[in-house]
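*Asks:*
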Amino acid sequence: ALTGTNYVQLQALYTKYYEHGLRVLAFPCNQFGGQEPGTDAQIKEHVQSAYNVTFDLFHKVDVNGDDAIPLYNYLTSKKRSPFFIRRIEWNFVKFLVDRSGIPYDRYAPTTSPNDMLADILALLGQ
1 ALTGTNYVQL
11 QALYTKYYEH
21 GLRVLAFPCN
31 QFGGQEPGTD
41 AQIKEHVQSA
51 YNVTFDLFHK
61 VDVNGDDAIP
71 LYNYLTSKKR
81 SPFFIRRIEW
91 NFVKFLVDRS
101 GIPYDRYAPT
111 TSPNDMLADI
121 LALLGQ
């Protein structure tokens with residue numbers, strides 16, 4: 001349910017607000033229960049066929065630990081979880097970043113993308 005809800009709602013928001021400047025960047029990760037064991041090509045094919053995703057889906061990355069990509073080190077250094085931890089706690093942690101690249105907020109895996117709409121609209125100047 002977490003996967004479907006996130007992909008479907010992120011795609012709907014992306015489609016509706018793309019022309020206003022919204023971009024969605026997705027980074028698959030296999031650090032949470034081995035839930036992304038496939039290759040980059042397999043993951044992309046599945047996400048596109050199952051959820052009709054057209055936003056940017058990058059190659060599989062690490063988001064925690066010594067091999068975490070610099071982007072996630074930056075995001076987590078600026079926005080900690082509600083539990084005041086830096087690490088990413090599970091798939092579908094979401095960050096909203098302004099047009100200047102400054103992290104605006106961090107959302108739990110269980111926060112639906114639709115629940116981010118007020119913040120998205122504020123950043124888009126809507």
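Residue numbers (the UniProt record's numbering): 1 to 126. The C-beta atom is built at its ideal place from N, Cα and C for all residues, glycine as well. On a predicted model such as this, the values are computed, not experimentally measured, just so you know.
Kindly list the residues whose CB is nearer than 6 Å to the CB of P103, restricted to its own chain and excluding five residues on each side of it in sequence; keep chain order.
*Replies:* Result list for P103: L75, K78, K79, F95 and V97, in chain order.
*Asks:* In chain order, what residues of the same chain have a beta carbon less than 7 Å from the beta carbon of residue 184, not counting five sequence neighbours either side?
*Replies:* Residue 184 falls outside the range modelled here, since the chain spans only 1 to 126, and no answer is possible.
*Asks:* Which value, in whole angstroms, describes the spacing of the CA atoms of N6 and G21?
*Replies:* Rounded to the nearest angstrom, the two C-alpha atoms are 20 Å apart.
*Asks:* Do A12 and L57 have their CB atoms nearer than 7 Å?
*Replies:* Going by C-beta atoms, A12 is not nearer than 7 Å to L57.
*Asks:* Compute the Euclidean distance between the alpha carbons of L121 and S112, then round it to the nearest angstrom.
*Replies:* Between L121 and S112, the C-alpha separation is close to 15 Å.
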